[in-house]
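Chemist: Sharing a structure, written as structure tokens. Questions coming.
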Amino acid sequence: MRRCLRFVHFARCLSLQTQSLGNPQPRNSANLPRQSKWRKRSSKISKNRTSKKTTSDAEIVKHNIAITSYMRNGQCELALHLFRTMPRRSSVTWNALISGYISNDRFESAKKVFYEMPHRDLYSWNVMIGGYVRNRDFGGARKLFEEMPDRDVVSWNTLLSGYSQNGYVNEAREVFDRMPEKNSISWNAILAAYVQNGKIEDARRLFESKFDWEVVSWNCLMGGYVKKKWLSDAREIFDRMPERDVVSWNTMISAYAQNGELMEANRLFEEMPTRDVFSWTTMVSAFVQSEMLDEARKIFNKMPEKNEVSWNAMIAGYVQNKKIDIAKEFFEAMPSRNISSWNTMITGYAQNGNMFEARSLFDTMPRRDCISWSAIIAGYSQTGNSEEALRCFAEMKRAGERINRSAFTCTLSICGDIAALELGKQVHGRLLKAGYENGCFVGNALLAMYCKCGTIDEAYAVFESMNEKDVVSWNTMINGYARHGFGKEALTLFNSMRISGTKPDNVTMELETCEWKLNSIDTFFIRIVGYTWKDGRSLGSKASKRSNRLSAKGSAPGNFFVNGTG
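Going by UniProt numbering, the residue at position 110 of the sequence shown is 110; the numbering climbs one at a time, nothing skipped.
Below is the structure:
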């Protein structure tokens, strides 16, 4: 009986448990609506959080693209403003700002962002090293490189290429030797370092130590030999190349053309499997420079595609050979002209004295540069129209055009010819600001202007300030002294010229109306023309005759031409 009651109780409990599992009831059924509501809200919050996170990632990507775009367009402030307003940033965001600042030459801003970056990746370090290299701060680049926690081949190549491209060959080699892993960029960088710095033998040894060079590497070594004008060595490399590209052929053809071996250049040109516009233009220019205009024209007519360089080469060739009418035909046939085309024609007309056509082209050209202005000023100067030349110089200044050496020298020459000292001084002041005063070309023109205007002290001050002096500088100053009666100073300067090692040319000096007294004797006149210097001693025939004539008259001391002057 007792067992039976236990069994009934167990059966009832099992039945209740089964019902509970099949249709579970909460302990407190009154809380059911509240719990159901909470579950729904919890599910909604979870979904919103996932959605917000996804949206945030998409926003970061969108902002990164915008920052990169701003930086590419030079809008650094807009990029920075967007960066600052971003609630979340990725490493890509930081790197976009850093690389953008570097590409816009705001390296200090890039450094500031780099050091504020919470977590730098390898790209961040590499970009900054590139920034230091771009700014030629190799001390900073090396310091940062040594601080890097990790490096890849890009890190090594960035520093190596920086040293290579800026002439630090030893430093480049040291980095190259330390590299744990090298790729083709590494090998080409050290090869280029040797070639660009004239260490062609070191480049050759490096080249022979490796067998699987790319065609660009062969071209680099061949270009090094071409630069030194070692054409036989360059040709040996060319002949050994397992494969050649159009650059290989063009390099060799250009080398032969530039060194006067035109037939060999033409032979290679005919053998080329494929030619580009540079190949054709090289041959056209080579024939033009050799004044073989008929051959140049044949090549030009065969060109499948002509560019402005080839058209301009033909125009320049005919201009130089004073065939201005044919040059005009080419000029008018050009599908599109650049400023060089216009300048060449203006120069051609000016050199031929046809200033009407030169000025007509000058007035109608769509854009002018300093060469255009210089050509028209020189043309007026050479044809004796000083007034119009000076007017053009004044217009050039008003137009805000950069005044080049040619414009300065032409204007100074005019000032000397018409003795316009004050204007000459104004031009002198402008060229000082432009930084042109030290070179021979401008310095000689300035010297001649002061001499012609009779301000010898000013002329000598310019002469003394010249960092470089050539025979024209010495001749101009000696002539200046002689023309204005400073005979002793002229002869003293002539002696200084000899001591300086400058050899007089065939028309070394002209001492005109030069009067000076020797031992209180009568004054006498000396003129030395056509002075020829041979082995530092012999006089030209005119100077010798003049010396003999003066000696015969007793007007010149017998020992006047001494110590290599007679």
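All C-beta atoms, glycine included, are put in the ideal place defined by N, C-alpha and C.
No experiment lies behind these values; they were computed from the predicted model shown.
Exposed or buried, what is M466 when buried is set at 16 or more other beta-carbons lying within 10 Å of its beta-carbon?
Modeler: As a working mapping, residue 466 is identified with position 466 in the sequence shown. It counts as buried.
Chemist: Considering only the beta carbon of each residue, do S248 and N266 sit closer than 8 angstroms?
Modeler: Position 248 of the sequence shown, counting from 1, holds the residue named residue 248. Position 266 of the sequence shown, counting from 1, holds the residue named residue 266. No, they are not a contact pair.
Chemist: Could you tell me if E77 is buried or exposed, where buried requires 16 or more neighbouring beta carbons within 10 angstroms of its beta carbon?
Modeler: Numbered from 1 along the sequence shown, position 77 holds the residue referred to as residue 77. Counting Cβ neighbours within 10 Å, E77 comes out exposed, since fewer than 16 surround it.
Chemist: Please go through the same chain and pick out, in chain order, the residues whose beta-carbon is closer than 7 angstroms to the beta-carbon of A255, but skip the five residues on each side of it.
Modeler: Along the sequence shown, read from residue 1 onward, the residue named residue 255 stands at position 255. For A255, the CB contacts under 7 angstroms within the same chain, skipping 5 residues up- and downstream, are V226, L231 and A234 in chain order.
Chemist: Beta carbon of S109, beta carbon of Y115: below 8 angstroms?
Modeler: As a first step, residue 109 is located in the sequence shown; it is residue number 109 there, counting from the start. As a first step, residue 115 is located in the sequence shown; it is residue number 115 there, counting from the start. Contact: no.
Chemist: Give the straight-line distance between the Cα atoms of L97 and M71, rounded to the nearest whole angstrom.
Modeler: Taking the sequence shown and counting its residues from 1, one reaches residue 97 at position 97. Taking the sequence shown and counting its residues from 1, one reaches residue 71 at position 71. Each residue's alpha carbon lies about 8 angstroms from the other.
Chemist: Out of curiosity, what's the CA-to-CA distance linking residue 574 and F408?
Modeler: Limits of the chain in this structure are 1 at one end and 566 at the other, which puts residue 574 out of reach.
Chemist: My parser needs the alpha helix (DSSP H) runs of 4 or more residues fully inside the region 321–387; what are they?
Modeler: Counting only unbroken stretches of 4 or more residues, the alpha helix (DSSP H) elements lying wholly within the region 321–387 are 324–333, 339–351, 355–364 and 370–382, in sequence order.
Chemist: For T411, report the span of its alpha helix (DSSP H) as first-last.
Modeler: By 1-based counting over the sequence shown, the position of residue 411 is 411. Note, T411: alpha helix (DSSP H), R405 to D417.
Chemist: Grab me the residues of E388's own chain with a C-beta within less than 7 angstroms of its C-beta, minus the 5 sequence neighbours each way, in chain order.
Modeler: Here the question's residue 388 lines up with position 388 in the sequence shown. Only Y380 meet the Cβ criterion.
Chemist: Express the C-alpha separation of G424 and D522 in angstroms, rounding to a whole number.
Modeler: Position 522 of the sequence shown, counted from the first residue, corresponds to residue 522. Position 424 of the sequence shown, counted from the first residue, corresponds to residue 424. For D522, the predicted model reports a pLDDT of 33, less than 50, meaning its position is unreliable; a value from the coordinates is still stated below. Cα to Cα, the separation comes out at about 38 angstroms.
Chemist: Rounded to the nearest angstrom, how far is the Cβ of I346 from that of A375, given a contact under 8 angstroms?
Modeler: The residue given as residue 346 occupies position 346 in the sequence shown. The residue given as residue 375 occupies position 375 in the sequence shown. Contact holds; Cβ gap of about 5 angstroms.
Chemist: Taking the alpha carbon of G439 as the point to measure from, which residue in T455, C453 and E464 has its own alpha carbon closest?
Modeler: Start at 1 with the first residue of the sequence shown, and residue 439 comes out as number 439. Of the candidates T455, C453 and E464, the one whose C-alpha sits nearest the C-alpha of G439 is E464.
Chemist: With DSSP as the reference, label Q165 as helix, strand or coil.
Modeler: Taking the sequence shown and counting its residues from 1, one reaches residue 165 at position 165. In the structure shown, the three-state DSSP call for Q165 is helix.
Chemist: Out of K199, C453 and Q165, point me to the one whose CA is closest to S186's CA.
Modeler: Residue mapping note: residue 186 aligns to position 186 of the sequence shown, counting from 1. That would be Q165, whose Cα lies nearest to the Cα of S186.
Chemist: In angstroms with no decimal places, state the Cα-to-Cα distance between A434 and R405.
Modeler: Looking up residue 434 in the sequence shown gives position 434. Looking up residue 405 in the sequence shown gives position 405. The alpha-carbon of A434 is positioned some 9 angstroms away from that of R405.
Chemist: Select from I253, P118 and R106 the residue whose C-alpha is nearest the C-alpha of V92.
Modeler: Against the sequence shown, residue 92 aligns to sequence position 92. The candidate whose alpha carbon is nearest that of V92 is P118.
Chemist: With 16 as the cutoff for other CB atoms within 10 Å, does N250 come out buried or exposed?
Modeler: As a working note, residue 250 is residue 250 in the sequence shown. That one is buried.
Chemist: Go ahead and label R275 buried or exposed: buried means 16 or more other beta carbons lie within 10 angstroms of its beta carbon, across all protein chains shown.
Modeler: Position 275 of the sequence shown holds residue 275. R275 is buried by the Cβ-count criterion.
Chemist: Alpha carbon to alpha carbon, what distance is there between E401 and N64?
Modeler: Position 64 of the sequence shown holds residue 64. Position 401 of the sequence shown holds residue 401. Cα to Cα, the separation comes out at about 42 angstroms.
Chemist: Using the beta-carbon count (16 or more within 10 Å), is R151 buried or exposed?
Modeler: Locating residue 151 in the sequence shown gives position 151, where the first residue counts as 1. R151 should be labelled buried.
Chemist: How long is the line joining the alpha carbons of T282 and I253, rounded to whole angstroms?
Modeler: Position 282 of the sequence shown, counted from the start, is the residue given in the question as residue 282. Position 253 of the sequence shown, counted from the start, is the residue given in the question as residue 253. If you draw a straight line from the Cα of T282 to the Cα of I253, it comes to about 8 angstroms.
Chemist: Count the other CB atoms within 10 Å of the CB of R205; is the residue buried (16 or more) or exposed (fewer)?
Modeler: Numbered from 1 along the sequence shown, position 205 holds the residue referred to as residue 205. It counts as exposed.
Chemist: Report buried or exposed for P61, applying the criterion of at least 16 other Cβ atoms within 10 angstroms of its Cβ.
Modeler: To locate residue 61, count along the sequence shown from 1; it is residue 61. Correcting the residue type first, residue 61 is Val in the shown sequence and not Pro. Counting other Cβ atoms within 10 Å of its Cβ, V61 stays below 16 and is therefore classed as exposed.
Chemist: Hey, how far is the Cα of S372 from the Cα of S340?
Modeler: The count along the sequence shown starts at 1 and reaches residue 372 at position 372. The count along the sequence shown starts at 1 and reaches residue 340 at position 340. Approximately 9 angstroms, taken between the alpha carbons.
Chemist: Cβ of L421 within 8 angstroms of Cβ of T455?
Modeler: On the sequence shown, position 421 is the one that residue 421 refers to. On the sequence shown, position 455 is the one that residue 455 refers to. Yes.
Chemist: Which stretch, first to last residue, makes up the alpha helix (DSSP H) that contains D202?
Modeler: Counting from 1 along the sequence shown, the entry for residue 202 is found at position 202. Unbroken alpha helix (DSSP H) run through D202: I200 to E208.
Chemist: In the structure shown, what three-state DSSP assignment does R537 receive?
Modeler: On the sequence shown, residue 537 is found 537 positions in, with the first residue counted as 1. Caution applies to R537, whose pLDDT of 40 falls short of 50 and renders its modelled position unreliable; the value that the coordinates give is listed next. In the structure shown, R537 sits in coil (DSSP, three-state: anything other than H, G, I, E or B).
Chemist: When burial is assigned at 16 or more other CB atoms within 10 Å of the CB, is A172 buried or exposed?
Modeler: Along the sequence shown, one-based indexing puts residue 172 at 172. So A172 ends up on the buried side.
Chemist: Counting along the chain, where does the alpha helix (DSSP H) carrying C451 start and finish?
Modeler: As a first step, residue 451 must be located in the sequence shown, where it is residue number 451. Segment C440 to K452, the alpha helix (DSSP H) holding C451.
Chemist: Determine the DSSP secondary structure at T455, reduced to helix, strand or coil.
Modeler: As a first step, residue 455 must be located in the sequence shown, where it is residue number 455. If DSSP states are grouped into helix, strand and coil, T455 belongs with coil.
Chemist: For S279 versus V319, is the C-beta spacing smaller than 8 angstroms?
Modeler: Here the question's residue 279 lines up with position 279 in the sequence shown. Here the question's residue 319 lines up with position 319 in the sequence shown. No, the Cβ-Cβ distance between S279 and V319 is not below 8 angstroms.
Chemist: Would you decide whether R368 is buried or exposed? Buried here means 16 or more other CB atoms lie within 10 Å of its CB.
Modeler: As a first step, residue 368 must be located in the sequence shown, where it is residue number 368. Under this definition R368 is a buried residue.
Chemist: By how many angstroms is the C-alpha of V215 removed from the C-alpha of E243?
Modeler: For the purposes of this step, residue 243 is taken as residue 243 along the sequence shown, with counting starting at 1. For the purposes of this step, residue 215 is taken as residue 215 along the sequence shown, with counting starting at 1. If I take the Cα positions, the gap works out to 7 angstroms.
Chemist: What's the gap between the Cα of A313 and the Cα of V288?
Modeler: The residue labelled residue 313 in the question sits at position 313 within the sequence shown. The residue labelled residue 288 in the question sits at position 288 within the sequence shown. Looking at the two C-alpha atoms, the distance is approximately 7 angstroms.
Chemist: State the CB to CB distance for the pair N126 and F107, rounded to an integer number of angstroms; the pair is presumed to be in contact (CB under 8 angstroms).
Modeler: Position 126 of the sequence shown, counted from the start, is the residue given in the question as residue 126. Position 107 of the sequence shown, counted from the start, is the residue given in the question as residue 107. Not confirmed; about 15 angstroms, so no contact.
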